Structures are given as C-alpha cells and as structure tokens.
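A.B. asks: In order, the protein sequence lines correspond to chains U and H. Per our numbering, residue 4 is the first one in the first sequence, and the count goes up by one each step. Per our numbering, residue 30 is the first one in the second sequence, and the count goes up by one each step. In this text, a Cβ means the ideal position worked out from N, Cα and C, and glycines have one as well. Since this is a predicted model, take the numbers as computed values, not measurements.
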Amino acid sequence: GENVEQHPSTLSVQEGDSAVIKCTYSDSASNYFPWYKQELGKRPQLIIDIRSNVGEKKDQRIAVTLNKTAKHFSLHITETQPEDSAVYFCAASSLYNFNKFYFGSGTKLNVKP
Amino acid sequence: EAGVVQSPRYKIIEKKQPVAFWCNPISGHNTLYWYRQNLGQGPELLIRYENEEAVDDSQLPKDRFSAERLKGVDSTLKIQPAELGDSAVYLCASSLGYQETQYFGPGTRLLVL
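As structure tokens, this is what we get:
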C-alpha cells in the first residue's frame, strides 16, 4: 500500500520568510496530491492540490511542485504571515487502488511575528 | 451552502459501551469519507462511500466498527464495543467525486474511559 512521509514535523520561520514542506510517496500509481491546512481545534481545509499531469501549481503565495520520478512533492509558502501558523498535511491517492487515500503525519508551522 | 454536519461534537463513554457518529454531507456530494485522527497525526481513512456503496472498507476494524450510508446521503459510523484506544477525533468528509476537493466536518471528539 501507499506510504506517505512528511518532513519536517515542525517548522518555525520569521514572518516574511518562505516555508517549504516536503512529502514522499511510495505508490507510483498515485496521481492526486492535495495539501490541507488545519488550525488548532478546527477541521482540515484544502489549500491547494496537484495532479500528476503537471509539475507545478501556484495560487498567490502558495505553490506545490511534483517530481513523479523521485516520488516527492512539496508545498512552498512565500511571504509567510502569522495567520499561516497551523498544521499542514499532505496526502496522496491513486485511481487504481480504491480507498488508497493516505495522509502524511503533518507539519506544524509556526510563523513568528 | 451548508457544510458537512456531524453530531455529536463530543462524546465520553466507558469502555465496552457502544457509540455512534452521524454525518450529513454537502448536498449533491456522492463521495463520503470517514477518517480517524489521533492527536498529532494525520487523518486515517476508515471507509469511503460512492453513493450508498462502500467502495472499500479494508481499513475499517470490522470486529467492532460498522458503517452505513442509507439512501446515499447521511452516514453513521458505529463502534461496539469501544476500547480505550478508540479515543480520537472522527472526521467525516464529502466531495463531488473521488479525487475532488474534500470538505471536512467539524469532527466528533471521542473519549473512552
């Protein structure tokens, strides 16, 4: 089955700096990679996703890159703000293995003002 | 548009007691997911429904967990009997289809004493 590993587990940056969170996956059939943000005590919310037919996707200060050969994908947040502080989860899923929707273990991002 | 609704929000029970969680997905969403999230970890998928059909429940501990989605709308997840290790947040999510944006409910926080 799929194994999604996420690093780092905690990340502390100064406001205005960039933050990068990386995930690796094991199932070469995985083709959909969403990223979720979960603030303390709240529900996870999708912030960006990428499918295997593209290598990069951007949405304002957030971008995701995908390297299918190396089986890793990354979340990039530029010009970080204190409200970016939260736990971020990556996930991977495949069309060819039903129910194979796996989340990483999460990265706690702290943006210091 | 109303989001995913879950009830109860909190539940405290003694071990060996039964417990049930209810989820009402966003109207028109065919896909429904049940996740378990332990503290400090990512959500773990338990079961996914496409309409009323459980596509794959291979990660559902069937000796004590059961789920149903009658008429392809609301869903119920049951644990009987509950064990101490079942203490977690149980999240329901829905999406228009598989690999579409998942919208999460607020979760049910279960504490088994």
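(1) My output table needs one value for residue 40(U): the three-state DSSP class, helix, strand or coil.
(2) Is there a C-beta anywhere in chain H that falls below 8 Å from the one on residue 96(U)?
(3) Using a Cβ distance threshold of 8 Å, determine whether the segment 38-53 of chain H contacts the segment 97-116 of chain H, with at least three qualifying pairs required.
(4) Within a Cβ cutoff of 6 Å, which residues of the same chain sit near residue 93(U), ignoring the five residues on either side of it in sequence?
(5) Shortest alpha-carbon distance to residue 104(H) belongs to which of 31(H), 60(H) and 39(H)?
(6) Excluding five sequence neighbours on each side, which residues of the same chain lie with their C-beta closer than 7 Å to the C-beta of residue 19(U)?
(7) What's the C-alpha gap between residue 116(U) and residue 85(U)?
(8) Tell me which same chain residues have a C-beta within less than 7 Å of the C-beta of residue 114(U), skipping the five on either side of it?
(9) Assign residue 103(U) to one of three DSSP states: helix, strand, or coil.
(10) Could you check which residue in 14(U), 103(U), 95(U) and 66(U) has the C-alpha nearest to that of residue 74(U)?
(11) Does any C-beta atom of chain U lie closer than 8 Å to the C-beta of residue 105(H)?
(12) Between residue 71(H) and chain U, is any beta-carbon pair separated by less than 8 Å?
(13) Please return the same chain residues whose Cβ sits closer than 6 Å to the Cβ of residue 6(U), not counting the five positions on each side in sequence.
(14) Mind listing the chain U neighbours of residue 110(H)? Cutoff is C-beta to C-beta under 8 Å, in chain order.
(15) Between 74(H), 73(H), 66(H) and 75(H), which lies nearest to residue 45(U) when the distance is taken from Cα to Cα?
(16) Within 10 Å of its beta-carbon, does residue 54(H) have 16 or more other beta-carbons around it, so buried, or fewer, so exposed?
C.D. replies: The answer reads as follows:
(1) strand
(2) yes
(3) yes
(4) 9, 26, 38 and 107
(5) 60(H)
(6) 82 and 83
(7) 6 Å
(8) 16, 18, 83, 84, 85, 87 and 88
(9) coil
(10) 95(U)
(11) no
(12) yes
(13) 29
(14) Those do not exist, as residue 110(H) stays about 25 Å from chain U at its closest Cβ, beyond 8 Å.
(15) 66(H)
(16) buried
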